[in-house]
Every structure is written in structure tokens, then in C-alpha cells.
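S.K.:
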Amino acid sequence: MAREIAKAYEPQRIEPRWAESWVKDELFKADPSKPGPVFSIVIPPPNVTGSLHIGHMLDHTEIDILTRWHRMCGYNTLYLPGTDHAGISTQRVVVRQLAEQGINYRDLGREGFVRRVWQWKEESGGTIQRQMREIGESCDWTREKFTLSPELSRVVREVFVRLYEEGLIYRDKRMTNWCPVCLTVLSDLEVLHEERAGHLWHIKYPVAGSKESLVVATTRPETMLGDTAIAVHPEDERYKHLIGRSAIVPLVNREIPIIGDEMVDREFGTGAVKITPAHDPNDFEAGRRHNLAEIDVMTDDGHMSAAAGTYAGLDRFEARKKIVEDLKTLGLLDKITDHTHAIGICERTRTIVEPRASVQWFCKMKPLAEPAIAAVEKGEIHIVPDNRREEFFNWMRNIRDWTLSRQLWWGHRIPAWYCAEHHHVIVAREAPTKCPECGSEHLEQDEDVLDTWFSSGLWPFSTLGWPDKTPDFERYYPTTLLITGYDILFFWVARMAMLGIHFTGKVPFRAVYLHSLVRTASGEKMSKSKGTGLDPVKLNQQYGTDAMRFCLASMAAPGTDIVLSDDRLAGARNFANKIWNASRFLFMNLDKFEEGGGASFEQLAGPDVRAGAPYAYKDSVPLIDEWIFERLTSARETVNTALRSYRFHEAAQTIYQFFWGDFCDWYIEWIKPDLLNADSERAEVAWKNLFAVFDDALRLLHPFMPFLTEELWHQLPQRADAKSIALEEFGVNRQKSGEVTRANEFALIQDAIAELRNIRAEMKLDPKKKIAAEFHSSYGYIRDTMERNRDGIQRLAILSELKVSAAKLSETGGTVRSTARFDVRIAHSTDAVDAHAEKARLRKEIEGLEKSITSKENQLGNPTFRSKAPPKIISGMEATMAEQRLELEKLRARLRDISRLA
RNA sequence: GGGCGCUUAGCUCAGCGGUUAGAGCGUUCGGUUUACACCCGAAAGGUCGAAGGUUCAAAUCCUUCAGUGCCCACCA
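In my numbering, the protein residues as written are 528 to 1429.
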């Protein structure tokens, strides 16, 4: 039966079918009761609001490659999917949507709003999970988790309560970062720092009861309305006499004390600092030291509050302008100088964050950080690449307490209640009915929710059933590996490490691989909001998911960022197409072979037949087959080694090289005639070995290109119970141990063909015309190899005949090419020879060789080198030099001959 | 202010102590070879940012410098 096979690979026609069947058959469902070493990995949960972006694509590609590879290597494998409720992001998305409908979310009330978010999540929140299914990720969908599900919420409460009981979670008034757009506090990590050119305003504060005034410098004049002191250094001769007196805050005419405090840097500004405890971290501390009032002059949304007097209601930056104007008018503005300083920016909205004192829930980090640092130091958690370890240590050793509460509605509500009468605090797993201290039944739950990262920090164990001792938890925790971008090392990885160790007593993952970021051509981090992101879904459709995966993998060298381009994607697409066409060739010729009365597909390619390879013809495995099996084995070993150390690019490159270079360009080209050989035994052996190699090669490629390989693998006859190539063995070594291979003999043949082709091209000989050639080597075994493989050489070098000779080749009437071990010659009319060009070519080659030889002579002649270098290097160098000398001699002779003839 | 990277072929990047420095793309030349022009064959192209140093041996390790990118940081 002749097959209809598309001329080009059309991923769109193949991918959806397999993606669907993999999910439907629950192909990747983990079973903790099954034997085998464990490979478990949890997904970095993407936002429910999200759709797949290029960063996920990279994450997921790497995760899926390693998962599929381990699965095929016999591991009991779990890849656990799920999503994050993403507090601020999600809330902002829904708030914006409501606003578009003219609804102010606050009007819905807390419950109404949260209900809307859930509703929205159900309707359009599944995008990313759907996309993950479409791109065929081999995760266990029966174990999908969501950070805000009742199941995981229970874990969040458990953890919060325990930390509170241990005294690690506390509530306090402290300096926090306030985002006037998000309307919530942020943790330090959510605040970015940006250097900006600003000013230093020098403002005169009159000293009470004197004509003197004190000049202070500030970058934020509007905060002066909340000043409650002026500080100078106690030892500062300029101001010492003023300590204990007071000054008048201009514009609001408040009398404030002048205090002495060591915190003041005499060198900076004027050496006198206005103290605004409600709006500056240093001032807050100073305020506590000196018992100063905290006057908050701003509202939640960044306007001036009632405390700002006549400025109330103004936007904070408007107020700044106005205040500066007014000071100028009053003659109280001493001067303005330029000043560049770092300001805090909200990670999401890019608005300037306002430092503000407020009451929040915090988590003490030092006691949690120490065991995590130790775990990384001891190698219980292995961080790759190495330099990220240092970053981790740096941050962890200087860690500060974590602001946990957020003034949002979407998220895990803080499990704390206050009694109306005495404000007793009750922290509990379930809502209490009365205050255990005073018995009051008027309880109100804390309005705030937890930072999103609090629940993600529990992800590796919360998803596996902790605190219960579930079979999943027992079998799959600690997880084997975590793969994520280095940009969330602190946000997420560090917190998982701390919380995992604290609560389970074990590290949450044994290794962390932090991959590169995908950047735009201009080097920026790709971002949807900036419009610089590539849409992987579109690209997957355009080039095929396999091509996309392969492309990313081939560029994913550890520690370096990726710049994706159409060229690279096209290259990967071409590779997929190449494989498709190679298969097309196999199946088309197989049809011919069967129709011509040859053995059946089953007889040539059945699973048992494939397993029995390599097959011999006339008592020995054909050289070409032995060669390709060896190339395959070596490629597989390289891939295994590379993947063990996350060198995806190396693995991908190796496979590419093997499939395209070895398998297509040489192996298939070489065996073409054998496949339809009149000698049916030779043909059968060729076919059998071919299918065995093909099967192995598909397996090798499968983790990288799951769809294409699944499709092609199913074209081969399979066992009745074989469901997917994904569940097959990655590869078995087909070489018998101790067997001496002749595979490198084929390398000589390749060299000879290359030299012959080179002559043809350089001499511009008619590419279609078969030409006679001669081959000489002083080694008998090499001549034998050529004799035995004459047909193939003639075919691939387009020769009419190949004369193998023990005698030196004549230089006249043709062109000779030499390697150390052999010479080839093609006869042609001398006018084809551009003697000048040929001489130049020879000279260049001679020069290169001479340089290389001289450098080796120098080294080998150096006694210190001989005594210190490893013997392997010395003998290798000697051998190479000997070969190079032989070749050099030949090239020189040839140059002399040409010169003489010309 | 600290810390971490990067600088290698026209472009994008591998290689990170050892034997004439590699890939993809691009370029040049030649090809309707019964799988593939998303292809085949051949070739050109690099004193590995600069200067010192360590070593028998340096693109690879160290120092300095010059560009360039990123992360962390409560000096008004």
C-alpha cells in the first residue's frame, strides 16, 4: 500500500491530535506506588490571569525536556501543574475590567468583588492551562493545583498559625512601601530602585525665639508638612548650640524640637536634617528614639491629607511644586541643587512608591534564613549556575523582615480576628466564635490578605498534600528539581527553601536550575506590557511547537540570556522538516521494496526485529551500519551528559548534528542503493538496521520534539500495548561490550569523498559528469577499505571509476589532494587549473601547517614541558605532528610540481 | 555605594587550561543527484576588547584598564 505523505512537515495537522490524546489517556499520570527512582518537579505556577508568554515557554520547555528524558530513562516521574492566584495582578485586571464597564469595584463590596474574580477566573482563567495542554507538556493533569483552592488555603492557614505561635509572625507599625496606585503596601522586593535626576531643596526653618534660621536639605519638600523635628549631629560645632531649642516648620507654623542624633551625616547637604517619622525610614527610627509624633500627611492614593492643611487634596507632586513656590515667595527657599538619587518604583505600576509608617503583619526572616543558607552551603540544595549561589547567600545574609499583609481583597485573608471590645488578637485556623480572652462575640477578621508569594512559598509541599502524610508527599517530596528564571530567585526560590525546610524538615528541592531570560533584540527583558514580548502561541502556530522547543533548547546555555529571532526559529523548523522528509524517504522506498516482493514492513521493522539490531550481512555488520550505530551511541552519551548538567544547547546541537549530518547526509545517502538492492539479503539487513537506528534516533529526539517523534514513531509497527514513544526506553546501547568497531574506517572514506568533491568544485568540473579518480595510500588497510567501499565512494563523489593504487600519484594532467594518510587525484585538462589560485591555496595551507608544527616542535623540545605535561598530551601531540609533517611534505612537493609545470 | 555578568567569524552566540578556535544565520561559487530549495555540494571569513602577569601550555586562570548590560542598597 503506497502511502500519502505530505511533502513538508505540517505541525498544525499533527500537534492537536497528539496533545489531545496524551491528556485524554492520562499518559503522564504519576503513580507513587510504582517502583523506580523518583524524578519529581513542580511547575512554577503561572498567574491564573495569564496566557503563555515566551518566558513560560522556555521554563516549560526545559522542564518538559528533563521530565520526558527522565521518564524514558526509567524514573518514576511527576510533573505537577498548577496556577497561582496572583493577588495584585489578578485584582488589578478585574478592577480594570470593571472600570471599563463603568463599575467601581469598591461599590461591589468585598464579597461581591471576590465573587466576581472567581467568576472571571472560571470563565477566562484557564487560558494558560489550555495552552499547556496544547503544547503537549507531559504533566499530570489529575494533580493540578491552584494556590487559592480550599485545599491549599488550609495549608496557608496552618502555616500562618504555626509561624504566629512560634513568634515568627507579628503585627507592628513600621515603615513600609506604599503604592498609591495599587493601594496597598508592598514588600521590599516588589519595589524597584531607579536612579533619577532630582533636586535637593534647601529650606530655611526659623529658629524659635531668634532671628537665626536653620537650613535643611530635602529631596521631598512636600513631606515637610509632617516634620516633627530637626536633627543635627551632636558634635557639629555649627549647630551644637541649637540642640534643645526649637524651630518653626514653615507653611504650617508648627514648632518642632531641634535634636542631636548620630544618624546625621555632617558632610551631606547642610548637616541638618528634617525629621518626618511618618514618611521616611531613617526618620521613623529617629522618631522612635526621640519619641516624636508621626504625622501622616498623605492619603492612600497619593494626595495630601487633611494633616497637610491648606495643601490637603493636592496630588503629592502638585503639592511639591506648590510648596516650593510658596517657600520661594516667603523667601525661605535657600537654594536648589541638582541631585541624582535612587527612588523606589512599584514593580507593577511603575509609580513612585511612598514610604509610609503603617501597621502590618510581618514575618521574621533571620531564623528561617539560617537553615536555608546552611542547606545550600552543605549542598543539600544545589544551585545552578554557580554564581547564583553567591547572589542567594548575599541576599539571605542581609535579609529583612517580610511584609506579609496586603490591602487587597483577592487572596488568602489573614486568619486573625480582633474583638471589638478590647482589640484582643486571635490567630486561628478556623474562624473563632468568641474571644478566648474576654469572651466577646463581637469579632472582626483582619481586612488584609497575604502576599501572593506567601502561598507560592509553600508550593512544593502544599501541592503534595502536606501536612498530611499522603503517598504523594512521602514519595515525591523533596522534589528533585526546580527550574525557573533567575528573576524570581528571591521572590520565590529563597522563600520556598526557607519555608520548606522549616515546615517539613527537608529541603523542598534538591537542585535549582535558574535559567536565562528571553530578551528582545535590543537586550531588554521581554514584556507584554511594554509590547516587546513575542507571542509563543503565534510562533508555535507559525513554526510548530517542536521547532519552538528545539530552538529555545538550542539557545539555552546555562547562565546566558536568550535573544530569540526568526532566523533561529526557521532553522529549527527546517530541522523538523528535514526529519520529516528523511522519514518520508524511508516510507516511500519501503513501499517500493514491499511492492517489489521484498520482506514486509513487519518483518523489517517490527518491534522485536528492531530490538535485535545490529544485523550482519555475510557474517559481519556492514561498515556503514556499524558506523551509524556508533555515532548514535556517542550522540546519546553526549546528550545524557549534557542534560545531567542542564546544558540543553549542547544536547540539542548534538542531536541536530547527528540527525542531519550523520544520519541524513551520510548514512541514508550511503545505503540508498542497498535498500532496493537485487541482493535481497543485503537489502533486508540494510532495512532492519535502518529502522533500528531510526527508532533510536526518534527516542533521542523525543524530549525535544515530542509531537514529530510521536507521529513518526507510530508509523513504525509497534507492540499492541505500546501507547507512546514517551513511555519507551530512551535508548539501549547496541554495541556488544569489548567489540572492536571499524567505525573510524568510515571517517577515512568521508575524508576521501570530501577531498574528491573539493577538487571537483575548485576545478569547476562539470558537476554532473562522472570522472575517473585515483586513490593512493601507503597503508594497505586503507587501500583495502577503499577497495571494499568503492561503489559508495564513486557514487557520492560522482566518479566513473576509482583506481586504488600503492604507487604515488602522478602530478601531471590533473589535481591531487593530500592528507597525511592518503592522496586522491582527479585527471582533467590542465586549462581547468587556475595555477595561481591553486598555488595561493597551497601556500596558505602550508603556512598554517608550518606554524602549527613549529609551535609543537618548540613545546616538545622544551624539557620542562616533557617533564610536566601529561603523557597523553605529549604522545597525542607527537602523533599529530608526525601526521602534519607528512602532509606538509606532500603539500610542498605539490607546490614545487605546480610551479614547475606552470 | 556594593555585587554579578558580558566583549570570540558580517550577525546571534557556543567553547572556559592542553594538540591548526566551532555552530546556526548571512556571504561567495556550483547544483532540477527519483526525501527535502524549509534542499544538496564546495568555499571564503577570527592576531578570541586592550595591556600586563601566572603556567611547560592561556580565548580559557589572575590583575589593571576601556566599553557594555543586569541585580542589590532606607544617606536626607
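Where a beta carbon is used, it is the ideal one built from N, C-alpha and C, also for glycine. All values reported here derive from a predicted model rather than from experimental measurement.
Helix, strand or coil: which one does DSSP assign to residue 1277?
M.R.: Helix, per DSSP.
S.K.: With DSSP as the reference, label residue 1257 as helix, strand or coil.
M.R.: Reduced to three states, the DSSP call for residue 1257 is coil.
S.K.: Tell me the residue span of the alpha helix (DSSP H) that contains residue 1415.
M.R.: That run of the alpha helix (DSSP H) goes 1398 to 1428.
S.K.: Within this structure, are the beta carbons of residue 1159 and residue 1189 separated by less than 9 Å?
M.R.: Yes.
S.K.: Which of helix, strand or coil does DSSP assign to residue 1327?
M.R.: If DSSP states are grouped into helix, strand and coil, residue 1327 belongs with the strands.
S.K.: Just verifying my parser: in three-state terms, what is the DSSP assignment at residue 663?
M.R.: Note: residue 663 maps to coil in three-state DSSP.
S.K.: Grouping DSSP H, G and I as helix and E and B as strand, with all else coil, what is residue 1194?
M.R.: Three-state result, residue 1194: helix.
S.K.: Helix, strand or coil for residue 1040 per DSSP?
M.R.: Of the three classes helix, strand and coil, the one that applies to residue 1040 here is strand, per DSSP.
S.K.: Tell me where the beta strand (DSSP E) around residue 561 begins and ends.
M.R.: It is not in any beta strand (DSSP E) - residue 561 carries neither H nor E in the DSSP assignment.
S.K.: Kindly indicate which three-state DSSP category residue 993 falls into: helix, strand or coil?
M.R.: Three-state result, residue 993: coil.
S.K.: Using a Cβ-Cβ cut-off of 6 Å (strictly less than) and excluding sequence neighbours within five positions of residue 533, which residues of its own chain qualify?
M.R.: Answer for residue 533: no residue qualifies.
S.K.: In whole angstroms, what separates the C-alpha of residue 626 from that of residue 1241?
M.R.: Taking the straight line from one Cα to the other gives about 52 Å.
S.K.: Can you give me the C-alpha to C-alpha distance between residue 1337 and residue 1327, rounded to a whole angstrom?
M.R.: Looking at the two C-alpha atoms, the distance is approximately 19 Å.
S.K.: Taking the CB atoms as reference points, tell me whether residue 731 and residue 716 lie closer together than 9 Å.
M.R.: Their beta carbons are not under 9 Å apart, which means residue 731 does not touch residue 716 by this criterion.
S.K.: For residue 528, count neighbouring Cβ atoms within 10 angstroms of its own Cβ and tell me buried if that reaches 16, exposed if not.
M.R.: Here residue 528 scores only 48 on pLDDT, less than 50, and its place in the model should not be relied on; the value that follows carries that caveat. It is exposed - the Cβ of residue 528 has fewer than 16 other Cβ atoms within 10 Å.
S.K.: What's the call for residue 1465, buried or exposed, on a 16-neighbour Cβ count within 10 Å?
M.R.: Residue 1465 lies beyond the range of the chain shown here (528 to 1429); nothing can be said about it.
S.K.: With a threshold of 16 other CB atoms inside 10 Å of the CB of residue 555, please say whether the residue is buried or exposed.
M.R.: Flag for residue 555 reads buried.
S.K.: What does DSSP give as the partner residue(s) for residue 732 in the beta ladder?
M.R.: In DSSP, residue 732 forms a bridge with 741.
S.K.: Restricting to runs no shorter than 3 residues, where is the beta strand (DSSP E) found entirely within the region 922 to 975?
M.R.: For the region 922 to 975, whole beta strand (DSSP E) runs of length 3 or above, ordered along the chain, are 943 to 946, 952 to 954, 970 to 972.
S.K.: Which of the three DSSP states, helix, strand or coil, is assigned to residue 752?
M.R.: Correct three-state label for residue 752: helix.
S.K.: So, with DSSP's three-state summary, where would you put residue 1143?
M.R.: Coil, per DSSP.
S.K.: Output needed for residue 734: all residues of its chain with C-beta closer than 7 Å, excluding positions within five of it in sequence on either side, in chain order.
M.R.: So the qualifying residues of the chain are 740, 741, 769, 772, 774.
S.K.: Could you give the first and the last residue of the continuous beta strand (DSSP E) run that contains residue 1346?
M.R.: Run containing residue 1346: none; DSSP gives neither H nor E here.
S.K.: Could you tell me the boundaries of the beta strand (DSSP E) in which residue 704 lies?
M.R.: Residues 696 to 706.
S.K.: Name the two residues that bound the continuous beta strand (DSSP E) containing residue 1360.
M.R.: Unbroken run through residue 1360: none, as it is neither H nor E.
S.K.: Measuring straight from C-alpha to C-alpha, what distance separates residue 641 and residue 623?
M.R.: Their Cα atoms are separated by approximately 14 Å.
S.K.: Which class does residue 890 belong to by DSSP, given the choice of helix, strand or coil?
M.R.: The answer is strand: DSSP assigns residue 890 an E or B state.
S.K.: Please work out which residues of its chain come closer than 6 Å, Cβ to Cβ, to residue 713, disregarding the five sequence neighbours upstream and downstream, and give them in chain order.
M.R.: Answer for residue 713: 704, 706, listed in chain order.
S.K.: Among the candidates 1239, 589, 964, 1214, whose CA atom is the shortest distance from the CA of residue 1226?
M.R.: It is 1239.
S.K.: Buried or exposed: where does residue 1229 fall if 16 or more other Cβ atoms within 10 Å of its Cβ makes it buried?
M.R.: Buried, because 16 or more other Cβ atoms sit within 10 Å of the Cβ of residue 1229.
S.K.: Among 1319, 1403, 1251, 932, whose alpha-carbon lies nearest the alpha-carbon of residue 697?
M.R.: The shortest C-alpha separation from residue 697 is found at 932.
S.K.: For the candidate residues 934, 915, 727, 974, whose alpha-carbon lies nearest to that of residue 851?
M.R.: Measuring from the Cα of residue 851, the nearest candidate turns out to be 727.
S.K.: Can you round the beta-carbon distance between residue 987 and residue 1036 to whole angstroms, since I take them to be within the 8 Å contact cut?
M.R.: Indeed, because the Cβ distance is near 6 Å, the residues count as touching under 8 Å.
S.K.: Classify residue 773 as helix, strand or coil using the three-state DSSP reduction.
M.R.: Residue 773: strand per DSSP, three-state reduction.
S.K.: Given residue 919, which residues of its chain have a CB within under 7 Å of its CB, disregarding the five upstream and five downstream residues?
M.R.: Excluding residues within five positions, the ones whose Cβ falls inside 7 Å are 903, 910, 1016, 1021.
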